[in-house]
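Take my numbering: the last position of the sequence shown gets the number 517, and nothing is skipped along the way. Where is the CB? At the ideal position from N, CA and C, for every residue including glycine.
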Amino acid sequence: MGETLDGVKTYGVILAGGVGARLGLSVPKQMIKVAGKTILEHSVDAFDAHPMIDEVIVMITPGWTERVATLLGARHAKLSLILEGGVTRNETTRRALDAIDADEAKILLHDAVRPLVDERVVADCVRALDHHDAVDVVIPSSDTVVMVDEDDVITRIPDRSRLRRGQTPQAFKLTTLREAYARAIEDPYFSATDDCGVVVRYLPDVPVKCVLGSESNIKVTHPVDLTIADKLFQLATRSAPSRSPDQLAAALRGKVIVVLGGSYGIGAEIARIAKSAGAAVVAHGRSSTGLHVQDLAAIEAALADVAAAEGHIDAVVLTAGVLKLGPLAAMTPDEIDESIAVNYTAAVKVARAAHPHLARSGGSLLLFTSSAYTRGRANYSLYSSSKAAVVNLTQALAEEWAPDGVRVNVVNPERAETPMRLSAFGEEPAGTLLSAERVAHAALDTLASDLTGVVVDVRRENRPG
């Protein structure tokens with residue numbers, strides 16, 4: 053077990069030297085777009101946004117440094133170097149080690165083609181280096197692994213309970229990995245497929261600690277992986293960063309927030325909590341101010357009035373919704389029109405009306421979906437399809453509006469105790485529903501964050517402590 057590291061930097065090194073041969077591509081596989089961004093951008097974003105990472109270094113395929121510099125631009129504050137990798141993975145790692153100007157550091161080496169690495173995995177690696185010199189990310193093997201001879205005849209079936217599948221990042225104390233490579237270079241037969249393998253082989257007395265990875269942290273290697281990664285991004289959710297009342301007040305004080313659908317339920321709770329935190333809040337609703345979210349002109353006028361009175365708008369929140377249950381064939385034309393207009397096209401109209409105000413303030417648009425968005429269900433056809441469309445709209449607008457500094461997110465609450473739900477389902481057992489207040493807190497935590505393009509899950513087990 054190593055000594056605790058205090059006061060040293062933590063580097064995230066993105067290894068992006070692949071060429072995409074197995075995908076049949078003419079460009080490096082990390083430059084292929086998935087869910088609106090290149091695979092490389094997703095991986096760099098994960099490390100650049102992580103609070104425990106100090107600097108990010110990208111090791112890229114030779115000949116691609118200028119194009120990658122243009123792609124990543126100045127929007128990654130922690131990105132310090134973009135360097136050409138070597139012919140092999142090991143040579144690329146050595147170049148990265150040489151580029152780090154420090155006697156000691158924490159270093160996390162991550163395959164660029166694992167774009168779905170999550171914040172928890174990175175944090176676990178960084179923390180593990182406080183007590184260990186080398187760390188690998190692994191997941192249990194769900195498949196039986198067999199060993200075969202040259203004739204493809206099974207020679208051994210290892211105990212699956214002792215087998216793990218390796219992922220990245222792999223994390224090391226800088227001195228440890230440098231020493232392992234210094235010894236490896238002296239071996240004329242040196243070859244390794246990853247960096248933990250170098251430590252295991254050349255520093256056998258250094259234990260490599262394993263931390264749990266994630267099934268979604270897939271490596272994009274084969275054509276089917278592109279489809280899987282795209283779907284995982286589509287379904288990916290996060291919890292809102294939880295803030296104490298004092299922290300929330302500090303983030304919201306003086307902000308101007310417009311809530312559409314603020315007459316009752318979640319919208320009314322958002323307005324109440326935001327006001328108590330010191331925000332200037334204007335809440336509109338059909339039953340309180342007569343504003344219909346289907347009416348673009350009315351939305352534009354309402355936002356213009358707020359901007360004129362307050363000088364700017366920092367956030368627009370749309371919580372309005374209508375739940376019409378039953379088979380599509382049994383619905384009237386008016387019911388169909390209202391369901392689509394309130395649950396989907398209202399979001400489009402609000403977004404269009406809000407954009408110029410939010411672009412001026414660098415503000416946020418917050419929409420709402422439902423767990424019904426992941427799969428269509430009988431008797432929910434219009435509701436679930438509209439909510440799926442809202443998620444896609446959020447993800448698209450987050451990319452479109454990023455150059456303007458506007459953040460767009462969507463809240464996905466578990467079944468919540470709202471007047472809309474009460475009207476549709478009647479009274480339900482106590483304790484089985486989220487409170488509107490709990491959802492409102494998560495919504496405001498999201499507005500106070502730097503998140504964009506995210507589906508924010510709100511679950512009963514995620515209550516703030």
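Our two residues, Gly-317 and Asp-247, have alpha carbons roughly 53 angstroms apart in a direct line. Residue range 275 to 287 is occupied by the alpha helix (DSSP H) that includes Lys-283. DSSP, reduced to helix, strand and coil, places Met-111 within a strand of the structure shown. Taking C-beta atoms as the reference points, Pro-114 and Glu-136 count as a pair closer than 8 angstroms. Per DSSP, reduced to three states, the secondary structure at Val-394 is helical. With respect to Asn-464, Thr-498 sits apart: the two C-beta atoms are not nearer than 8 angstroms. Arg-459 sits in a strand when the DSSP states are folded into three classes. Counting the other CB atoms within 10 Å of its CB gives Ala-180 a total of 16 or more, which places it among the buried residues.
Under the three-state reduction of DSSP, Ser-268 is assigned to coil, being neither helix nor strand. Non-local C-beta neighbours of Val-333 in its own chain, meaning closer than 7 angstroms and more than five positions away in sequence, comprise Ile-309, Val-311, Ala-323, Ala-326, Lys-327, ordered along the chain.
Closest by C-alpha distance to Ser-296, out of Arg-404, Trp-116, Ala-494, Val-60, is Ala-494. In the structure shown, the three-state DSSP call for Glu-156 is coil. The DSSP assignment places complete beta strand (DSSP E) segments of no fewer than 3 residues inside the segment 151 to 214 at 158 to 163, 186 to 192, 206 to 208, in order along the chain. Lys-225 carries a strand assignment under DSSP once its states are collapsed to helix, strand and coil. Per the coordinates, the alpha-carbon of Lys-376 lies some 43 angstroms from the alpha-carbon of Val-165.
Secondary structure of Gln-219 (DSSP, three-state): strand. Contact check for Leu-355 against Ala-288 fails: the beta carbons are separated by 8 angstroms or more. Pairing Val-442 with Arg-214, the inter-Cα distance amounts to about 44 angstroms. For Glu-136, the beta-bridge partners assigned by DSSP are Ile-112. Relative to the Cα of Ala-492, the nearest Cα in the group Leu-370, Leu-92, Val-65, Lys-261 belongs to Leu-370. According to the DSSP secondary-structure assignment, Leu-419 is paired through a beta bridge with Val-462. Looking at the DSSP output, His-336 shares a beta bridge with Leu-312.
Contact between the segment 198 to 205 and the segment 237 to 257 is absent, with fewer than three C-beta pairs closer than 8 angstroms. In the three-state DSSP reduction, Asp-497 falls in the helix class (H, G or I).
Nearest Cα to Ala-302 within the set Ala-500, Phe-99, Ala-372, Leu-67: Ala-500. Each of Glu-93, Ser-294, Ala-381, Glu-171 was checked against the Cα of Ala-68, and the nearest Cα belongs to Glu-93.
Of all alpha-carbon atoms in Arg-230, Thr-426, Val-187, Ser-416, the one lying nearest the alpha-carbon of Leu-503 is that of Ser-416.
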